[in-house]
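Contents: one structure, followed by commentary.
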Amino acid sequence: MRFLATSLALALAAAAAQAAVPYPRLREVGDRVSCQCGCAYTVGSCNMMNCHFRDPVLQKIGDGLERGLSDEEVLEEVYAEYGSETRVEPRGEGFGIVGWTAPFAAFAAGLLVIPWIVRRWRSNAGARSRGPEVPDAVAERYNAEIERDLDQFE
Amino acid sequence: MENLGYLAVLLAFLLSAYAAAAGLGGKLLRNPFLELSAQRGVLGAWLMTTAASAILLHAILTDNFSFNYVASRSNADLDLLYKIAAWWGGQEGSLLFWSWIAATYSFVAVYSGRKRHRSMISYVVATMSATQAFFLGLVAFEANPFQVIMSGPQITAVPDGQGLNPLLQHPMMAIHPPMLYLGYVGFTVPFAFALASLITRQPGERWIHTTRVWTMVTWLFQSIGILLGARWAYVVLGWGGYWGWDPVENASLLPWLTGTAFLHSVMMQEKKGMMKVWNIVLISATFFLCIFGTMMTRGGLVSSVHAFAESEIGAYFVWYLVIGIAVTAYLIGSRLEYLRSEADLDSVVSRESSFLFNNVVLLASCFAVLWGTLFPVISEYFTGDKITVGAPFFNKVNVPIGLFLLFLTGVGPLFAWRRTSAESLRRNFLWPAVSGLVCAAALLAAGMRHFYALVCFALCAFVAATVLTEFYRGGRVIQRKGGTGLAAAMVELTRRNTRRYGGYLVHMAIVLMFIGFAGAAFNQVQQEELEIGDSMQVGAYDFKLQNVSESDNPNFFRAVASVDVSRDGEYLETLMPERRFYHASNQPTSRVDVRNRLREDVYVVYAGHSNDGTAPVIQVYINPLVNWIWIGSLLLVLGTLVALMPSRKPGRSPRTRPAPLKEHPVAVPGD
Chain A
169 MRFLATSLAL ALAAAAAQAA VPYPRLREVG DRVSCQCGCA YTVGSCNMMN
219 CHFRDPVLQK IGDGLERGLS DEEVLEEVYA EYGSETRVEP RGEGFGIVGW
269 TAPFAAFAAG LLVIPWIVRR WRSNAGARSR GPEVPDAVAE RYNAEIERDL
319 DQFE
Chain B
13 MENLGYLAVL LAFLLSAYAA AAGLGGKLLR NPFLELSAQR GVLGAWLMTT
63 AASAILLHAI LTDNFSFNYV ASRSNADLDL LYKIAAWWGG QEGSLLFWSW
113 IAATYSFVAV YSGRKRHRSM ISYVVATMSA TQAFFLGLVA FEANPFQVIM
163 SGPQITAVPD GQGLNPLLQH PMMAIHPPML YLGYVGFTVP FAFALASLIT
213 RQPGERWIHT TRVWTMVTWL FQSIGILLGA RWAYVVLGWG GYWGWDPVEN
263 ASLLPWLTGT AFLHSVMMQE KKGMMKVWNI VLISATFFLC IFGTMMTRGG
313 LVSSVHAFAE SEIGAYFVWY LVIGIAVTAY LIGSRLEYLR SEADLDSVVS
363 RESSFLFNNV VLLASCFAVL WGTLFPVISE YFTGDKITVG APFFNKVNVP
413 IGLFLLFLTG VGPLFAWRRT SAESLRRNFL WPAVSGLVCA AALLAAGMRH
463 FYALVCFALC AFVAATVLTE FYRGGRVIQR KGGTGLAAAM VELTRRNTRR
513 YGGYLVHMAI VLMFIGFAGA AFNQVQQEEL EIGDSMQVGA YDFKLQNVSE
563 SDNPNFFRAV ASVDVSRDGE YLETLMPERR FYHASNQPTS RVDVRNRLRE
613 DVYVVYAGHS NDGTAPVIQV YINPLVNWIW IGSLLLVLGT LVALMPSRKP
663 GRSPRTRPAP LKEHPVAVPG D
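Respectively, the protein sequence lines represent chains A and B.
Heads up: the first sequence begins at 169 in our numbering, then just goes up one per residue.
Heads up: the second sequence begins at 13 in our numbering, then just goes up one per residue.
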């Protein structure tokens, strides 16, 4: 009985289950809204019982989709009503552009640094060279010979 | 008892502080007795931390609810396993647990390395003890687990505790935090050796070997901790996934990524004496990211379902980080001369270059995760708008980086050290490239159109082919000579170079995990209210709710839904997801039930009830290929263990047993 009473109080996801919009669609759009109940997931993934945030947001998403709004339009309504902290991605404008580009910029910078490092290491090698350069063709021949020897090793 | 416990913590703190000061002072004053006493201080600190931990554990196990910590984290009817887990289930206890692990690491590292690294061990003692003193200081002055409940001047006890967080009452959660802590704390050891080598201007490579082994052990613990956490999230949190890009999850991933980069680039230093500065930077970054991650979990920097209650200790971590990074940066800057590379790069097409790329990609991934984790704080600081960055952002940023990393996992071993000839390239790349292309063509022909999944599967085939080719070619050479079977020859090959082939096993494990990750692109989910006898369909499966049974025990009430699963009309099995309601903490939680298969998981959640409380809400997930992640996890552990084993020299161990000496039998005592 205790459980039944608790269950009544902790009823979950009714809005989602009753909505005419199929659940996978609700979940898909809901996964683009950050849940504010403390679970740190999206409203699509939040599995807290009696979540005070998820149920009304899913209801709103369902209503919006039923009215024929696009995903983006529905989401803009949600963000406008519940605040920018419900976004799960930076906007594509203003400071949001920094949010999107910074990781890739860091990655690109890292890739650009590699040729510089390689050039530096190679120029050091040139400066410290202790003997005549072996022509590439000769080195290639020797390397091929070594590879053959290694294949027949043991 | 509480006084004894607190006294032990205070003594451990003082002994750690003394060991740090004596280690440093002994070196600076050239006083070997002081250095020796620092080592004794490490032992003393370990004994005191162990005593404090034993007292807290005793209080938990004997239900001593006069301890505030025990009353808030345990209860009388809790299972023994979870009572033990209550030790690290709260802020105060977990800091003591952390300190005990740190003290144990210090003790083992110092006493196993004091002869081998005589000239630098005092600095190792100083670094590790200073870190330990920091954490013990937090336990002693900010998060004391030995506080008692007072009623006026009298110590009093509550009749029963509030219990452990229900989400933590899972066998995996009893193992996951210790493993993660062993990883986090363990990175102190390689960092301490790196710092000591900087201070003493060590030109030798012996310390780097010690550091590498410690890093690998620690990395293994960290990996197990992360993977157990993922598995726990999958079977307990009930949202069908295993990684939510939560800040605390991310915090554990950051040092793992830099630690992985270090384990690769350290080979450059061992084999060629290159990248010395870089390696010091990497291991230092790994250590500081561990501290940073701890600060995120405990200091209230970001909100997370896994974080401990917000507290004031974050500021101490900031100071520790600022001072630690400043000292490390100064030491690196002042010793650049000693860290100069001993060799040069011969060719861009070489193993050395592939390590450079590998490091850049791993660090880019680390930066992307760190950036996303801190973006709410950064965006709020610059714009006043707090933007929580969630899984969609992390996936969009990290998936391409991860795929590039997977590509490098395959490419790296195909390059030779120094330079790779065109002929060698052609020969090494041929079959792996063919495998990748055939895989991509087959999947396209089968109708797969998901771009990332397609690329991922093709790359998995490519990398798997490189690893298998390496084993095959090496195994064939031994087979030809020894006349053994190919499998036995491959085992022998692995035993002769455990580090290399253990590493390949880890690469293979990564391939299996990526197969599992790619499967997520085809997940299906459905949720419905079902009356008893109702059915729902997801994919090819039918789910029929047979009944809901209820039972009660002193710890929790539970309701179990019996759901029959069938496919194409054929009954497969009954899954029994449940909801629990824990009496002590008044918290509900779910227990999912999963039908595990290599092809896909059928994952059923008893998500709750309809508004009127009559109809259970059942969620069903079909998660293709997810089990390959757990299989890959096991292979990763195996591969790392293999890499940690010493290699066997081919000539040393006899392959055949020597013939018994018949002519001159030797008398054996006791015959």
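Glycine residues also receive a C-beta, built at the ideal position from the N, C-alpha and C atoms.
Beta-carbon separation (whole angstroms), residue i vs residue j, contact threshold 8 Å
i, j, result
"Y594 (chain B)", "F555 (chain B)", "Rounded, the Cβ-Cβ distance is 27 Å, inconsistent with contact."
"Y196 (chain B)", "G305 (chain B)", "7 Å"
"N370 (chain B)", "L426 (chain B)", "Actually they are not in contact, since the Cβ atoms of N370 (chain B) and L426 (chain B) sit about 13 Å apart, beyond 8 Å."
"A83 (chain B)", "Q159 (chain B)", "The pair is not a contact, with the Cβ atoms about 10 Å apart (cut-off 8 Å)."
"R592 (chain B)", "R603 (chain B)", "6 Å"
"E104 (chain B)", "A155 (chain B)", "4 Å"
"L480 (chain B)", "G487 (chain B)", "Rounded, the Cβ-Cβ distance is 10 Å, inconsistent with contact."
"V246 (chain A)", "V225 (chain A)", "6 Å"
"P258 (chain A)", "I390 (chain B)", "With a Cβ gap of about 10 Å, P258 (chain A) and I390 (chain B) do not count as contacting."
Listed by chain order, chain B residues near residue i by CB distance under 8 Å
i, result
"I137 (chain A)", "Summary: the structure shown does not reach residue 137 (chain A), with chain A confined to residues 169 through 322, and so no result is reported for it."
CB contact below 8 Å: residue i versus chain B
i, result
"E313 (chain A)", "no"
"V286 (chain A)", "yes"
"S252 (chain A)", "yes"
"F221 (chain A)", "no"
"G236 (chain A)", "no"
Contact check, residue i vs residue j, beta carbons under 8 Å
i, j, result
"S163 (chain B)", "G35 (chain B)", "no"
"F21 (chain B)", "V151 (chain B)", "In the sequence on display, residue 21 (chain B) carries Val and not Phe. Taking 8 Å as the Cβ cut-off, V21 (chain B) and V151 (chain B) qualify as a contacting pair."
"S436 (chain B)", "A445 (chain B)", "no"
"I211 (chain B)", "Y135 (chain B)", "yes"
"V289 (chain B)", "L348 (chain B)", "yes"
"F205 (chain B)", "T222 (chain B)", "yes"
"V654 (chain B)", "T510 (chain B)", "yes"
"I282 (chain A)", "V489 (chain B)", "no"
"I634 (chain B)", "Q536 (chain B)", "yes"
"A245 (chain B)", "G256 (chain B)", "yes"
"A627 (chain B)", "E562 (chain B)", "no"
"T270 (chain B)", "T309 (chain B)", "no"
"V617 (chain B)", "Q631 (chain B)", "yes"
"G448 (chain B)", "M525 (chain B)", "no"
"G414 (chain B)", "V518 (chain B)", "no"
"R193 (chain A)", "C205 (chain A)", "no"
"L417 (chain B)", "S377 (chain B)", "yes"
Within chain A, the residues that residue i reaches when beta carbons sit closer than 9 Å
i, result
"P404 (chain B)", "D199, R200, T210, V256 and E257"
"D172 (chain B)", "Chain A residues near D172 (chain B): none, gap ~17 Å exceeds 9 Å."
Short CB-CB distance (under 8 Å) between residue i and chain A
i, result
"A376 (chain B)", "yes"
"L357 (chain B)", "yes"
"V409 (chain B)", "yes"
"S84 (chain B)", "no"
"E435 (chain B)", "yes"
"Y395 (chain B)", "Sequence inspection shows Thr at residue 395 (chain B); the Tyr mentioned does not correspond to that position. It does; some Cβ of chain A falls within 8 Å."
"I413 (chain B)", "yes"
"A273 (chain B)", "no"
Listed by chain order, chain A residues near residue i by CB distance under 7 Å
i, result
"W383 (chain B)", "A270 and P271"
"L249 (chain B)", "N215"
"Q538 (chain B)", "Y191 and P192"
"V360 (chain B)", "V286"
"S602 (chain B)", "N215"
Proximal residues of chain A, C-beta to C-beta of residue i below 8 Å
i, result
"G253 (chain B)", "S213"
"G256 (chain B)", "A208, Y209 and S213"
Amino acids of chain B, ordered along the chain, whose beta-carbon sits closer than 7 Å to that of residue i
i, result
"A274 (chain A)", "A376 and F379"
"R195 (chain A)", "V537"
"G278 (chain A)", "V372, L375 and A376"
Heavy atom of the ligand GDP within 7 Å of residue i beta-carbon
i, result
"R126 (chain B)", "The model depicted lacks the ligand GDP and carries no ligand whatsoever."
Residue i: contacting residues in chain B (beta-carbon distance under 9 Å)
i, result
"G267 (chain A)", "W383, G384, F387, I390, S391, I399, V401 and F405"
Are three or more beta carbon pairs between the segment 350-364 of chain B and the segment 228-243 of chain B nearer than 8 Å?
Flag = no, the segment 350-364 of chain B and the segment 228-243 of chain B do not touch.
Is the segment 115-134 of chain B touching the segment 48-68 of chain B in the sense that three or more CB pairs, one from each, lie closer than 8 Å?
By the Cβ rule, the segment 48-68 of chain B counts as touching the segment 115-134 of chain B, because three or more pairs are nearer than 8 Å.
Between the segment 236-247 of chain A and the segment 197-208 of chain A, can you find at least three pairs of beta-carbon atoms closer than 8 Å?
Cβ pair count under 8 Å is three or more, so yes.
Examine the Cβ distances between the segment 267-284 of chain A and the segment 224-235 of chain A and report whether three or more of them are shorter than 8 Å.
Short answer: they don't touch.
Would you call the segment 40-49 of chain B and the segment 65-81 of chain B touching, i.e. three or more CB-CB distances under 8 Å?
Contact between the segment 40-49 of chain B and the segment 65-81 of chain B is absent, because fewer than three Cβ pairs lie under 8 Å.
Can we say the segment 602-620 of chain B touches the segment 488-507 of chain B, given the rule of at least three CB pairs closer than 8 Å?
Taking a cut-off of 8 Å for Cβ pairs, the segment 602-620 of chain B and the segment 488-507 of chain B do not touch, as fewer than three such pairs fall below it.
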